[in-house]
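Asker: At position 107 of the sequence shown the residue is numbered 106 (numbering that gives the first Met the number 0), and the sequence of numbers has no breaks. For glycine and all other residues, C-beta sits at the position ideal for the given N, C-alpha and C. Just so you know, these numbers come straight off a predicted model, no measurement behind them.
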Amino acid sequence: MERERSEILLAISIYCVSSSSLMLSNKLAIHDFPLECSLVWLQLAFSALVLATFGYSYIHVGSRKDLLRWSMVAPMYCAMLLTSMLALKNAPMSLVIVIRNASPLGTLVLERLYPEPLQVSGKMLMALIVMFVGAMMYMVDHRDKMNWAAIGWVVLNSIIAVVDRLLQRLLLAKDQCPVDISKTGITLINNLWGVVVIGIAIVMKGELPAVPDAAKHLTWAGQANLVLSLVIGLTISYTSIW
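1) For P74, report the span of its alpha helix (DSSP H) as first-last.
2) So, at 7 Å on beta carbons, what are the nonlocal neighbours of S181 in its own chain, with the 5 sequence-adjacent residues on each side left out?
3) Short of 8 Å in beta carbon distance, which residues of its chain neighbour P33, apart from the five on each side in sequence? Order them along the chain.
4) Does the contact criterion of 3 or more C-beta pairs under 8 Å hold for the region 38-54 versus the region 62-74?
5) S56 lies in the alpha helix (DSSP H); which residues open and close that run?
6) Secondary structure at I180, three-state DSSP: helix, strand or coil?
7) What residue does the alpha helix (DSSP H) around T218 start on, and which one ends it?
8) Which same chain residues, not among the five before or five after I159, have their C-beta less than 7 Å away from its C-beta?
9) Is the separation between the beta-carbon of V154 and that of M84 shorter than 8 Å?
10) Shortest alpha-carbon distance to V95 belongs to which of R68, F53, W152?
11) Can you tell me which of A10, S239, E206 puts its alpha carbon nearest to the alpha carbon of R168?
12) A73: buried (16+ other C-beta within 10 angstroms of its C-beta) or exposed?
13) Which first and last residues belong to the alpha helix (DSSP H) in which K64 is found?
14) Can you tell which of G193, T186, M125, Y55 has the C-alpha that lies nearest to the C-alpha of L107?
15) Assess, as a yes-or-no matter, whether the region 8-16 is touched by the region 202-213 under the definition of 3 or more beta carbon pairs within less than 8 Å.
16) Buried or exposed for K173, please, with buried defined as at least 16 other CB atoms from any protein chain shown within 10 angstroms of its CB.
17) Could you name the residues of the same chain whose beta carbon sits closer than 8 Å to that of E35, not counting the 5 residues immediately before and after it, in chain order?
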């Protein structure tokens, strides 16, 4: 039990650090390399390549049914990444963080429909209410400076993120309806799906011809940050499953 708690604490800590670092890195990267679909595709392709090369021995898929079940979740993961990049491209980080703080309220309601609902305590409710009130105070204080298109991207990203996390919990938690796939296998499936789906988006959006010119104008600092975003993207894609 103590070992399990330590592992959970470690996973949450790494995820929180990776999440905040990736948000900052992506905010800089999308400014230096303003092709959101191509940037997300690079992160997904890098993660898939590293996992397939160095994590092959840790990949386990129990059955085709498990693969198909998880494949229903993977497109939501792709949509979450892309809308997150669009939100960061159009909105200040403070707005993204504040609106996302209200997301747990949605998960709290929907998790009541699970086979084994989450047990909610008064302290949990109080913490969620404080986050929601803080988000509303921020919105009211900045209402004259709001970019409603940017808010739309942030809200859409938050909704997709909630659905993605709920589906992932349903298919990962031991007390729900888990799939028989290793963490490395799930992470690889997510990224491979992303390479395909976001690749189609790049073609449809017409970004491909603009990639060489965008890459040519990257400064050394921009290149370093782009590489950093690839590494952090790999870290968060695994720890979000862990």
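Answerer: According to the data block:
1) As a working note, residue 74 is residue 75 in the sequence shown. Its alpha helix (DSSP H) spans residues 73-89.
2) Residue mapping note: residue 181 aligns to position 182 of the sequence shown, counting from 1. Within the same chain, S181 has close Cβ partners Y57, I58, H59.
3) As a working mapping, residue 33 is identified with position 34 in the sequence shown. Counting only Cβ-Cβ distances below 8 Å, and skipping sequence neighbours, we find K88, A213.
4) no
5) As a first step, residue 56 must be located in the sequence shown, where it is residue number 57. Premise fails: S56 is in no alpha helix (DSSP H) and is neither H nor E.
6) Counting from one through the sequence shown, the residue named residue 180 turns up at place 181. Strand.
7) The residue labelled residue 218 in the question sits at position 219 within the sequence shown. Careful: T218 lies outside any alpha helix (DSSP H) and carries neither H nor E.
8) Position 160 of the sequence shown, counted from the start, is the residue given in the question as residue 159. Closer than 7 Å at the Cβ level, and outside the excluded window around I159, lie M75, A78, M79, T82.
9) Taking the sequence shown and counting its residues from 1, the one referred to as residue 154 is at position 155. Taking the sequence shown and counting its residues from 1, the one referred to as residue 84 is at position 85. Contact flag unset, no.
10) In the sequence shown, counting from the first residue as 1, residue 95 sits at position 96. The shortest C-alpha separation from V95 is found at W152.
11) Position 169 of the sequence shown, counted from the first residue, corresponds to residue 168. Taking only the C-alpha atoms, the option nearest R168 is S239.
12) Against the sequence shown, residue 73 aligns to sequence position 74. Result: buried.
13) On the sequence shown, residue 64 is found 65 positions in, with the first residue counted as 1. Taken as a continuous stretch (DSSP letters only), the alpha helix (DSSP H) holding K64 covers 63-70.
14) For the purposes of this step, residue 107 is identified with residue 108 of the sequence shown, where counting begins at 1. The residue with the shortest Cα to Cα distance from L107 is M125.
15) no
16) For this step, residue 173 is matched to residue 174 along the sequence shown. Flag for K173 reads exposed.
17) On the sequence shown, residue 35 is found 36 positions in, with the first residue counted as 1. Counting only Cβ-Cβ distances below 8 Å, and skipping sequence neighbours, we find I29, L81, M84, L85, K88.
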